[in-house]
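Beneath this line is the structure, given in structure tokens, with notes to follow.
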Amino acid sequence: MHILELSKLTGVSLRSLRYYEQKHLLSPARSENGYRIYEDIDVQRVQLIQLFLKLGVSTDEIARLIQNCEGLPGRNSNNSNNSNNSNHQAECAAAFYEERLQEIREQIQLLREAELRLEKLVTHWKQHITDN
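So for the sequence shown, the working numbering puts the first residue at 295; every next one is plus one.
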């Protein structure tokens with residue numbers, strides 16, 4: 295598929311897709327006339343990139359994950375038949391995802407605490423409304 299179709303399927307702008315390529319988050323093949331050719335797996339890859347960006351992961355961190363760990367689906371640039379390489383990729387990806395999971399859990403805890411405090415404030419101020 296061409297870049298316009300990938301953009302339509304993912305809702306990501308052409309500019310962003312080109313930026314992802316600059317940052318080595320995507321690596322489309324090129325046709326003889328130079329057009330980018332994306333595969334179906336690139337749709338999933340773009341969706342994961344978008345998720346990570348929403349979670350506050352920088353494009354540099356995502357690129358490091360892709361380059362060092364092959365932790366996102368897509369074309370494997372390394373020989374994945376090599377068990378040592380596969381183990382390294384799995385360990386690297388697992389460590390990255392565990393770290394992100396822990397950060398999300400900490401954010402959830404902070405949000406729960408904020409929710410409780412806000413509920414108390416709402417209750418407090420609503421009592422003042424009815425008391426007057």
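Backbone N, C-alpha and C define an ideal beta-carbon position, used for all residues, glycine too. Source: prediction; values computed, not measured.
Span of the alpha helix (DSSP H) around residue i
{"i": "residue 329", "result": "No alpha helix (DSSP H) contains residue 329, which DSSP labels as neither H nor E."}
{"i": "residue 300", "result": "297-304"}
{"i": "residue 310", "result": "308-316"}
{"i": "residue 360", "result": "Element bounds for residue 360: n/a, residue is neither H nor E."}
8 angstroms Cβ cutoff met for residue i and residue j
{"i": "residue 351", "j": "residue 300", "result": "no"}
{"i": "residue 322", "j": "residue 312", "result": "no"}
{"i": "residue 344", "j": "residue 306", "result": "yes"}
{"i": "residue 359", "j": "residue 387", "result": "yes"}
{"i": "residue 314", "j": "residue 308", "result": "no"}
Supposed contact pair residue j and residue i - C-beta distance, whole angstroms, cut 8 angstroms
{"i": "residue 357", "j": "residue 414", "result": "Not really, about 43 angstroms apart at Cβ, beyond 8 angstroms."}
Bridge-paired residues (DSSP) for residue i
{"i": "residue 323", "result": "331"}
Residue i - DSSP class collapsed to helix/strand/coil
{"i": "residue 351", "result": "coil"}
{"i": "residue 421", "result": "helix"}
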